[in-house]
Amino acid sequence: MAGEFVALMGPSGAGKSSLLDMGRRRDDIFYATLTVEEHVFFQAELRMGKHFLSFATEILTNPSLLFADEPTSGLDSVMAESVVLQLQKLAREGRTVIATIHQPSSELYPLFDILYSASKLQLADTKFDLDGMLGATNDSATYEATHLGLAGQLRVLCKRNVTRLVRDKIAFGARVGQTIFTSVFASLIFWQLQLSQTSVQSFTGALFFVSTNQMFGAATPEFVAVPTELPLMQREYDSGMYHAWVWYLAKNVSELAFQIVFQLPFVSLLDGRLWRLECDTLFSMYVFIALITSVATALGYMVSCVDKNADVANILGILLLLPCVIFGSLFLNSDDIPVYFKWAEFLMPLKYGFVA
Numbered sequence: 001m002a003g004e005f006v007a008l009m010g011p012s013g014a015g016k017s018s019l020l021d022m023g024r025r026r027d028d029i030f031y032a033t034l035t036v037e038e039h040v041f042f043q044a045e046l047r048m049g050k051h052f053l054s055f056a057t058e059i060l061t062n063p064s065l066l067f068a069d070e071p072t073s074g075l076d077s078v079m080a081e082s083v084v085l086q087l088q089k090l091a092r093e094g095r096t097v098i099a100t101i102h103q104p105s106s107e108l109y110p111l112f113d114i115l116y117s118a119s120k121l122q123l124a125d126t127k128f129d130l131d132g133m134l135g136a137t138n139d140s141a142t143y144e145a146t147h148l149g150l151a152g153q154l155r156v157l158c159k160r161n162v163t164r165l166v167r168d169k170i171a172f173g174a175r176v177g178q179t180i181f182t183s184v185f186a187s188l189i190f191w192q193l194q195l196s197q198t199s200v201q202s203f204t205g206a207l208f209f210v211s212t213n214q215m216f217g218a219a220t221p222e223f224v225a226v227p228t229e230l231p232l233m234q235r236e237y238d239s240g241m242y243h244a245w246v247w248y249l250a251k252n253v254s255e256l257a258f259q260i261v262f263q264l265p266f267v268s269l270l271d272g273r274l275w276r277l278e279c280d281t282l283f284s285m286y287v288f289i290a291l292i293t294s295v296a297t298a299l300g301y302m303v304s305c306v307d308k309n310a311d312v313a314n315i316l317g318i319l320l321l322l323p324c325v326i327f328g329s330l331f332l333n334s335d336d337i338p339v340y341f342k343w344a345e346f347l348m349p350l351k352y353g354f355v356a
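First residue of the sequence shown? That's 1 in full-length UniProt numbering, and the numbers climb one at a time after it.
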């Protein structure tokens, strides 16, 4: 009952914590790369809207007359009641508060001093008897909380993801170091290649090395990163903050920008030392490498969602990538693939990237 302090007592293993976990997750899960202020603003942007910020701005001026246009729009019943209580408190302090409201729940009716009904752009003559109306029914009006739109959700999630990627100095530095090291390492090995018949195998090996490196370099981090993010994503999704597919799209969009940027120095350095291609050919090669990276990242997402344990996901991911290498058209001729594995050849993204 309301106003009571209830304690649940029992020995270890009796299920006390499990019972509480059914209603709410006890673990405090947050992103370490976001400040407290940024986390609060992220929650506010998804759960609320700009007109609530405007409402708070007007309150700061301490007006004697306050007009509030649907202040509870987009809020659940608990938050809506909290806002209306604040408006009632302002009215009790001597201010005049006039608000429009659409389909209020039954808990809000006792908070109004006067309730008028508007119909066909005119104010009806009827003034509702709130006490009588509340005595007759206690049913809540149908209320659907409207959160930030899909475009707004995508924008806010992308902003948070980019902030996290930039501030995670260890991961960001490791990715930069990996790109530089791989480029220099490959250049030192293949820089003496000449355009001749005897160097065809070496050039083919260089192309396959580049393709394989990009696939493993893009997929492997996701095997570990996504399982660590899923608990927080699940909690925010259960709160109705955004759609699951919007979270996935935002993660792809924000990370795709970094993937594209990191490929530029990698391809440019290798081209300057190895191939010296024409601009249009170099651009095509860059696009194919970027596509390999994007597909590998998606594979990393898929594997990490199959098993939320990072260690298990890492093993499953390697097992999935190894067939891509075998059927990548370098180690095994298409004509020599057994009949019962012919179908697997066409499912390997590395094959298409390497051949292209």
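By construction, the Cβ of each residue, glycine as well, lies at the ideal position given by its N, Cα and C atoms.
{"Asked": "Beta strand (DSSP E) segments (min. 3 residues) lying fully within the region 55-106", "Found": "65-69 and 96-100"}
{"Asked": "Short Cβ contact (7 Å threshold) for Val210 with Leu154", "Found": "no"}
{"Asked": "Nearest to Lys89 (by Cα), restricted to the options Leu188, Asp113, Ile337 and Val78", "Found": "Asp113"}
{"Asked": "Cα-Cα separation between Gly135 and Asn62, rounded to whole angstroms", "Found": "Only weak support is given to the placement of Gly135: the predicted model assigns it a pLDDT of 44, under 50, and the value that follows is read from those uncertain coordinates. Rounded to whole angstroms, Gly135 to Asn62 spans 35 Å at the Cα level."}
{"Asked": "Cβ-based neighbour list, Leu350, same chain, cut-off 8 Å, excluding 5 preceding and 5 following", "Found": "Ser211, Thr212, Met215, Ile292, Cys324, Val325, Phe327 and Gly328"}
{"Asked": "Cβ shell of Met285 (< 6 Å), same chain only, five flanking positions each side left out", "Found": "none"}
{"Asked": "Same chain only: Cβ atoms within 6 Å of Ser77, ignoring 5 sequence neighbours per side", "Found": "Ser105"}
{"Asked": "Distance CB(Ile260)-CB(Ala290) smaller than 7 Å", "Found": "yes"}
{"Asked": "Neighbour-count burial assignment, Val97, 16 or more Cβ in a 10 Å radius", "Found": "buried"}
{"Asked": "Best match in Val200, Leu111 and Ala32 for proximity to Phe85 [C-alpha to C-alpha]", "Found": "It should be pointed out that residue 85 corresponds to Leu in this sequence rather than to Phe. Answer by Cα proximity: Leu111."}
{"Asked": "The region 298-317 / the region 218-227 touching (three or more Cβ pairs under 8 Å)", "Found": "yes"}
{"Asked": "Sub-7 Å separation of Pro227 and Ala310 beta-carbons", "Found": "yes"}
{"Asked": "Test item: CB-CB of Phe42 and Arg164 under 7 Å", "Found": "no"}
{"Asked": "As assigned by DSSP and simplified to three states, the class of His243", "Found": "coil"}
{"Asked": "Option in Asp238, Gln263 and Leu230 with minimal Cα separation from Tyr248", "Found": "Leu230"}
{"Asked": "Delimiting residues of the alpha helix (DSSP H) encompassing Tyr340", "Found": "Counting along the chain, Tyr340 falls outside any alpha helix (DSSP H), and DSSP gives it neither H nor E."}
{"Asked": "C-beta contact flag for Ser33 and Arg167 at 7 Å", "Found": "First, the amino acid is wrong: residue 33 is Thr here, not Ser. Yes; because the gap between Cβ atoms is below 7 Å, this pair is in contact."}
{"Asked": "Alpha-carbon spacing of Leu157 relative to Tyr31, whole angstroms", "Found": "13 Å"}
{"Asked": "Sub-7 Å separation of Ala206 and Phe185 beta-carbons", "Found": "no"}
{"Asked": "Local conformation of Asn213 per DSSP, three classes", "Found": "helix"}
{"Asked": "Sequence-distant residues of its chain with Cβ nearer than 7 Å to Glu4 (five each side left out)", "Found": "Low confidence applies to Glu4: its pLDDT is 46, below 50, so where it sits in the model is not reliable enough to give any reading."}
{"Asked": "Ile315 to Asp335 span [Cα, whole Å]", "Found": "30 Å"}
{"Asked": "is_contact[Phe283, chain C] using C-beta, thresh 7 Å", "Found": "Checking the listed chains, one finds no chain C in this structure; it contains a single protein chain."}
{"Asked": "Three-state secondary structure (DSSP) of Thr33", "Found": "coil"}
{"Asked": "Supposed close pair Glu70, Thr100 - CB separation, criterion 8 Å", "Found": "5 Å"}
{"Asked": "Nearest-angstrom Cβ-Cβ length linking Ser254 and Val162, presumed shorter than 8 Å", "Found": "5 Å"}
{"Asked": "Selected residue, minimal CA-CA separation from Ser187, among Val200, Val267, Leu232 and Phe258", "Found": "Val267"}
{"Asked": "Whole-angstrom C-beta distance between Phe208 and Phe346, which should lie under 8 Å", "Found": "That belief does not hold up - the Cβ atoms of Phe346 and Phe208 are roughly 18 Å apart, past 8 Å."}
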